[in-house]
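Undergrad:
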Amino acid sequence: MYQDEALVLFDHLYLDSRQHLTSMLQLGGYTHVGSFVALSPFITKEVLEQFNQFMEEMPKEVRCGFSAAAVPGFSVRILAYETSAIEAIFQRVQQFIRQQCGEKAPVCWRKY
794 MYQDEALVLF DHLYLDSRQH LTSMLQLGGY THVGSFVALS PFITKEVLEQ FNQFMEEMPK
854 EVRCGFSAAA VPGFSVRILA YETSAIEAIF QRVQQFIRQQ CGEKAPVCWR KY
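Encoded structure:
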């Protein structure tokens, strides 16, 4: 992702759907992957610390991780066995972000 013509986030994940993703280190047995990016001047070091605690509360049947961006923000990666698990976590993540940014109304994100 670029911001003001400067690269601020680069995702190294490249999956070729024509290949069978059954090898070691390719999703670790999970069948679904999700990525979420949030960039905002409201995402401070303190917010990232709170988000770290928030991420520790995620369900154990999924694998979650996040990385801070070069600008205020972060990216989240999720491995799961079903789309609905990823959607549920993304909903929780966006609610966390909206609370931190002062926005209270929920937003419904759905891929069709």
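Quick note: the sequence shown uses the working numbering, first residue 794, plus one each step. Even for Gly, the Cβ is constructed at its ideal location relative to N, Cα and C.
1. Let me confirm a value: VAL886 is counted as buried when at least 16 other C-beta atoms fall within 10 Å, else exposed. Which label applies?
2. Where does ILE879 fall in DSSP's three states?
3. Which first and last residues belong to the alpha helix (DSSP H) in which VAL826 is found?
4. Closest to TYR874 by CA distance: which of LEU832, CYS901, VAL826, GLU798 is it?
5. Here's the rule I'm using: 16 or more other beta-carbon atoms within 10 Å means buried, otherwise exposed. How should CYS844 be labelled?
6. Quick one: Cα of VAL864 to Cα of CYS894, how far?
7. How would you call PHE867, buried or exposed, if buried means at least 16 neighbouring beta carbons within 10 angstroms?
8. Among residues of its own chain, excluding the 5 on either side of PHE889, which ones have a beta-carbon nearer than 7 angstroms to its beta-carbon?
9. Check each candidate in ILE882, VAL801, PHE803, MET794 and name the one with the smallest Cα separation from LYS853.
10. Output the boundary residues of the alpha helix (DSSP H) element that contains LEU841.
TA: A quick look at the data gives this:
1. By the Cβ neighbour-count rule, VAL886 is buried, with 16 or more other Cβ atoms within 10 Å of its own.
2. helix
3. Note, VAL826: premise wrong, no alpha helix (DSSP H); beta strand (DSSP E) at 825-832.
4. VAL826
5. It should be noted that the sequence gives Phe, not Cys, for residue 844. A buried status is given to PHE844, since no fewer than 16 other beta-carbon atoms sit within 10 Å of its beta-carbon.
6. 16 angstroms
7. buried
8. PHE844, PHE847
9. ILE882
10. 838-848
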